[in-house]
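Taken in order, these protein sequences are the chains called A and B. Residue numbers for the first sequence follow the working numbering, beginning at 1 and rising by one. Residue numbers for the second sequence follow the working numbering, beginning at 386 and rising by one. This report concerns only the one structure given below.
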Amino acid sequence: MKTLKKTEPGIRLVQGNEACAEGAIAAGCRFFAGYPITPSSEIPERLSIHLPQVDGVFIQMEDEIASMGAIIGASLAGAKSMTATSGPGFSLMQENLGYACIAEVPCVVVNVMRGGPSTGLPTYPAQGDVMQARWGTHGDHPIIALCPSSVLECFTLTIKAFNYSEKYRTPVILLMDEVVGHMREKVVFPEPGQYEIVDRVKPSVPPEWYLPYEDTSFGVSPMGIFGEGYRYHVTGLTHDIRGFPTLRQEEIESFLLRLFRKISTHLDDIQIVESYQVDDADLVLIAYGCVARSAHRAMVEARAEGLKVGLMRLATLWPFPRRFVEPLTKAKKTLLVPEMNMGQISREVKRVNQGMTTVLTLNKIDGTIIYPKEILAKIREEMKK
Amino acid sequence: MIEDRPLIYKYLRHDKKFPHVWCPGCGIGILLGSLIRAIDRLEYTKDEIVLVSGIGCTGRLPVYVDFNTLHTTHGRALTFATGVKLAKPDLKVIVIMGDGDATAIGGNHFIHAARRNLDLTAIILNNSIYGMTGGQYSPTTPYGQKATTAVYGTVEPSFNIAQLAGCAGAIFAARGTVYHVRLLDTLIEKALQKNGFGVVEVISQCHTHFGRLNKLGNQVEMMKWQRDHAIPVEKAKKMTPEEMADKFEIGILVDREAPSYLEEYNKVRQRAKEALSLQSAKGSKEESESREVSDKQ
Chain A
1 MKTLKKTEPG
11 IRLVQGNEAC
21 AEGAIAAGCR
31 FFAGYPITPS
41 SEIPERLSIH
51 LPQVDGVFIQ
61 MEDEIASMGA
71 IIGASLAGAK
81 SMTATSGPGF
91 SLMQENLGYA
101 CIAEVPCVVV
111 NVMRGGPSTG
121 LPTYPAQGDV
131 MQARWGTHGD
141 HPIIALCPSS
151 VLECFTLTIK
161 AFNYSEKYRT
171 PVILLMDEVV
181 GHMREKVVFP
191 EPGQYEIVDR
201 VKPSVPPEWY
211 LPYEDTSFGV
221 SPMGIFGEGY
231 RYHVTGLTHD
241 IRGFPTLRQE
251 EIESFLLRLF
261 RKISTHLDDI
271 QIVESYQVDD
281 ADLVLIAYGC
291 VARSAHRAMV
301 EARAEGLKVG
311 LMRLATLWPF
321 PRRFVEPLTK
331 AKKTLLVPEM
341 NMGQISREVK
351 RVNQGMTTVL
361 TLNKIDGTII
371 YPKEILAKIR
381 EEMKK
Chain B
386 MIEDRPLIYK
396 YLRHDKKFPH
406 VWCPGCGIGI
416 LLGSLIRAID
426 RLEYTKDEIV
436 LVSGIGCTGR
446 LPVYVDFNTL
456 HTTHGRALTF
466 ATGVKLAKPD
476 LKVIVIMGDG
486 DATAIGGNHF
496 IHAARRNLDL
506 TAIILNNSIY
516 GMTGGQYSPT
526 TPYGQKATTA
536 VYGTVEPSFN
546 IAQLAGCAGA
556 IFAARGTVYH
566 VRLLDTLIEK
576 ALQKNGFGVV
586 EVISQCHTHF
596 GRLNKLGNQV
606 EMMKWQRDHA
616 IPVEKAKKMT
626 PEEMADKFEI
636 GILVDREAPS
646 YLEEYNKVRQ
656 RAKEALSLQS
666 AKGSKEESES
676 REVSDKQ
């Protein structure tokens, strides 16, 4: 029987998708709209139990387009909101994901990646949606995408995703993969006081002075909530600082530049990267998601063989952590990027590299995970030649 | 309606640059007037009204009025409205859509919103054509009529919006025209008072495209057409199908009561909390029993 109890700190054996749902509740999520899709369905199932217990709302919409619309509406009315899906559903969400970007509506979109394109491999893992997360919706826009590697991280990064969305008034994508989503691990859940919870900044000026899209020193304007006295216009059209549609060049450019600036000036806060034994390494693995686990094991085994291998694990994929990768290229360390696609992050690494060092790739798209031995074989091949 | 001017003025956004986007003679402004009068009569405050719209000429309506206004993506207005209403049930959420917006790209959302019976009022302005994009045929363009994408006449049968709403589960479905403006005021007022999903279809003219392409004359002649072809529901019941062939009904087509989604969802919350307290009571009982056992040992 499913446990009906609310999230509690302590040690438990849970699944990645369940931990994500619990992270959402812990972060203060009180609205979920979604549509069933493998391998993400445990997230809505879990939240359909928890949300009504805490006076939140769970609703199963008619499709993913509607789910995305509903979470934006709920966020504008003041609720922290989320949806969860997988590849085909993520494709449908792209339309309103762009709306959340331009109208600066905080929300969290979980994509538990499965094999694609199209219906693809519903029950098999892949990491093929990395570029879709970045560029899936039309038009030039910044985005934040996080990628957990463990069940605990499904919990903590979900909280982070909510925090970033509230702080920067932007949609945040949590790119999980099927392995992390369905894996069960022992998790030591932190006490509520042990993690930070960020809530959106609301306007404090009198309503008649309120400019909903005004530039601030932080780059993010305080957000008026429907029904709280700050009546303003929300639109997907390019708008001026009052929220009204504009076609004036100077207003268009300053608005779009601010959208980029609010993310690009806070990379210190947004980019989460973990480095293992990188300093003395001759070869550094750059990995994310479930592949980072295999990469870690490969690193440990390579070290046992006397090979100087390090690992840089990316928890933030977008904005791409360039400032962490660039020093590795300058230090002339060989880089190996194993990933379950044909080279979506290695492409970014190569873009950063600019010919300073060698960037190797290890790609797998057969619906199975990349095993440590496969990475180790590639390391040996490179370092023992 | 000179006497309405101070009233309309009270609700307009004066810091928004006018003029508006609509062609002179368009019916959308008449609908906006009706909506404002209905809201004013029901004494809603500006803060509790959320006006949600999609894309198209009709989608531009909310920007001119001083409520919480939300101009969403094409066809998706009802989905955004669903989120707003569920997150803050105290708000009065009104959704304004065009015919293509509501029944083509947003058709799925429309029938599901009706089925769910969430407390929303959907007002659909039906001008039989896509106006903003230049006069392409919509799901409500009558069979045989011309459009810029149907220069030989459309061969698709059209949707009856109010009937569709009723069949999909709307507890209130009505049809009015921008000619019968007093009736329209009443219909919108009634729809706003319903505790559930209410729909008002508003027949309007697009003389710029539909009228021009089909040689129906200017806005005045198109409004005369509305006057001559609209039959009150009660009268229509007494007429034969032949007599009704080129006519349409106006008035209230569906008016019934059913528990709204919010009422139903509150039951879910109640059950969830009961299940939780039951389980934690059971858990603590088991815990104390096992403690007793260990004490005895």
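Beta carbons: idealized from backbone N, C-alpha and C, even for Gly.
Per the DSSP secondary-structure output, A/Ala84 pairs in a beta bridge with A/Val110.
Contact annotation: A/Ile345 and A/Ser294 have beta-carbon atoms that are not nearer than 7 Å. Residue environment analysis places B/Gln611 among the buried positions, since at least 16 neighbouring C-beta atoms fall within 10 angstroms of its C-beta.
Under the Cβ distance rule, A/Val14 does not count among the residues neighbouring chain B, no pair being separated by less than 7 Å. Listed along chain B are Arg398, Asp400, Lys401, Lys402 and Val448, each with a C-beta nearer than 9 Å to that of A/Phe244. Linking B/Ile635 to B/Thr488 through their CA atoms gives a straight-line distance of about 19 Å. Contact of B/Phe557 with chain A is not assigned, every C-beta pair being separated by 7 Å or more. For B/Ala535, no beta strand (DSSP E) run applies, since DSSP gives it neither H nor E. Under the Cβ distance rule, A/Tyr35 does not count among the residues neighbouring chain B, no pair being separated by less than 7 Å. A Cβ-Cβ contact shorter than 7 Å links A/Ala33 with A/Ile71.
Among the residues of chain A, those whose CB is under 9 Å from the CB of B/Gly468 are Phe31, Ala33, Val57, Ile59, Gly69, Ala70, Ile71, Ile72, Gly73, Ala74, Ser75, Leu76, Ala77, Ala79 and Ser81, following chain order. When the beta-carbon positions are compared, B/Pro524 and B/Phe544 come within less than 7 Å of each other.
Secondary structure within the segment 306 to 373 of chain A: the alpha helix (DSSP H) runs of 4 or more consecutive residues, fully enclosed, are 322 to 330 and 344 to 353 (chain order).
Inter-residue distance for A/Phe162 and B/Lys473 is about 20 Å (C-alpha atoms, whole angstroms). In the displayed model, B/Thr625 falls within coil according to three-state DSSP, outside both helix and strand.
The shortest CA-to-CA distance from B/Lys477 to any of B/Ala576, B/His614 and B/Pro391 is the one to B/Ala576.
Comparing C-alpha distances from A/Arg303 to each of A/Pro44, A/Asp280, A/Trp318 and A/Pro319 shows the shortest one belongs to A/Asp280. Taking the CA atoms as reference points, A/Ile25 sits about 8 Å from A/His50.
Listed in chain order, the non-local C-beta contacts of A/Lys350 below 8 Å within the same chain comprise Val359, local neighbours out to five positions each way being set aside. Per the C-alpha coordinates, the member of B/Pro409, B/Val435 and B/Val406 positioned closest to A/Gly227 is B/Val435.
Among the residues facing chain B, A/Glu326 is not included, as its CB has no counterpart in that chain under 7 Å away. Nearest CB-CB separation between B/Val563 and chain A: not below the 7 Å threshold. In the three-state scheme derived from DSSP, where H, G and I count as helix and E and B as strand, B/Lys470 is classed as helix. The C-beta of B/His405 comes no closer than 7 Å to any C-beta of chain A. Taking the beta carbon of B/Val653 as reference, the chain A residues within 7 Å of it are Pro52, listed in sequence order. With a threshold of 7 Å between beta carbons, B/Val480 makes no contact with chain A. Judged by DSSP secondary structure, B/Glu634 falls within the beta strand (DSSP E) whose first and last residues are Phe633 to Asp640. Interface residue (Cβ-Cβ distance to chain B less than 7 Å): A/Phe320 is not classified as such. Contacts with chain A (Cβ-Cβ distance below 8 Å) from the segment 417 to 439 of chain B involve Lys431, Asp432, Glu433, Val435 and Val437, listed in chain order. Apart from the 5 residues on each side of it in sequence, A/Ser48 sits with its Cβ closer than 7 Å to the Cβ of Phe58 in its chain, given in chain order.
One finds Asn493, His494 and His497 in chain B with Cβ atoms closer than 7 Å to the Cβ of A/Glu62, taken in chain order. Within the segment 146 to 209 of chain A, the complete beta strand (DSSP E) segments at least 3 residues long are 171 to 177 and 184 to 189, listed from N- to C-terminus. Taking 7 Å as the threshold, the shortest C-beta distance from A/Tyr99 to chain B falls below it. For A/Glu95, a Cβ of chain B is located within less than 7 Å of the residue's own Cβ.
Counting of Cβ neighbours within 10 angstroms places A/Phe218 among the exposed residues, the total staying below 16. In the structure shown, A/Asn17 adopts helical secondary structure according to DSSP, grouped into three states.
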